[in-house]
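Counting in this note's numbering, the sequence shown runs from 599 upward without gaps.
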Amino acid sequence: MSLQGTDAYQDNDTFPALVQRAVRAARHHGFAFSCRPEQGRLLQVLAAGASHRIGETGTGCGVGLAWLASGAANGARLISVERDLERARIAAEVFRDCEHVDVFHGDWRRIADHGPYDLLVLDGGGQAKGDGTADPALLLTAGGSVVIDDFTPAATWPPHFNGAPDRSRLHWLEHPELRATELRLAADLSVVVGTRFSAC
């Protein structure tokens, strides 16, 4: 979830139709934390390279999922999990005509029920699923990519969060199953992107 992300969609008619629909739903329901356009464009590009299965956690009202669906290859299946029951219902309505998209209600760990994924987008920020329970070896196909979103760009190494080393971010950047890097998408926004490589 991006702080004030929904407000970033001022020029709504330049975005894909499905993204526009999700933004309208977010605005109508007062959801301010949608995926920002900078993130969305990255997700759209990455989705094009995921041939079979794409997963996402933290659906919100479906803006990030709409970017993924707008870029997904023909035949790719998209699975998203939202912990808030009402937001899951709203997102499911946004994708009512999209047979290749499923929105589920539940804890983010439910995403593992439908994997492994060619591309997995994890709602990040300060928590970033870096507590050791998000295992790339189980969640990703060999060569699959993961995006952990909503970080403030790091200015030091190791990266810090609240005055201490950012263990969540380091979990992904130093994970032995991944080759990962942090990408700055805006002055106040970055993501960690990693690809799973199997040992030869």
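Ideal Cβ positions, reconstructed from N, Cα and C, are used throughout, including at glycine.
Can you tell me whether residue i is helix, strand or coil according to DSSP?
i, result
"Pro-757", "coil"
"Glu-823", "Any answer about residue 823 is impossible in this case: the structure gives the chain only from 599 up to 798."
"Thr-800", "Coverage of the chain is limited to positions 599 through 798, which leaves residue 800 absent and any answer about it impossible."
"Arg-708", "helix"
With 16 other CB atoms within 10 Å as the buried threshold, where does residue i fall?
i, result
"Ser-796", "exposed"
"Val-790", "buried"
"Glu-772", "exposed"
"Ala-615", "exposed"
"Glu-636", "buried"
With distances taken Cα to Cα, identify the nearest neighbour of residue i among the options.
i, options, result
"Leu-781", "Phe-749, Trp-755 and Glu-691", "Phe-749"
"Ala-686", "Asp-716, Pro-734, His-627 and Gly-713", "His-627"
"His-703", "Asp-695, Arg-694, Gly-673 and Thr-655", "Thr-655"
"Ile-709", "Ala-690, Leu-738 and Leu-644", "Leu-738"
"Arg-639", "Val-701, Ala-624 and Ala-606", "Ala-606"
Let's see if you can read the secondary structure: which residues bound the alpha helix (DSSP H) around residue i?
i, result
"Ser-668", "661–669"
"Ile-638", "A small fix is needed here, since residue 638 is Gly in this sequence, not Ile. Start and end: 635–645."
"Arg-622", "615–626"
Start and end of the beta strand (DSSP E) containing residue i?
i, result
"His-769", "Where His-769 is concerned, there is no enclosing beta strand (DSSP E), although the alpha helix (DSSP H) it sits in stretches over 765–771."
"Ala-778", "776–784"
"Ala-740", "738–749"
Measure how close the beta-carbons of residue i and residue j come, nearest whole angstrom, since I'm counting them as under 8 Å.
i, j, result
"Cys-633", "Gly-662", "3 Å"
"Arg-651", "Arg-675", "5 Å"
"Thr-604", "Arg-622", "That pair is no contact at about 10 Å."
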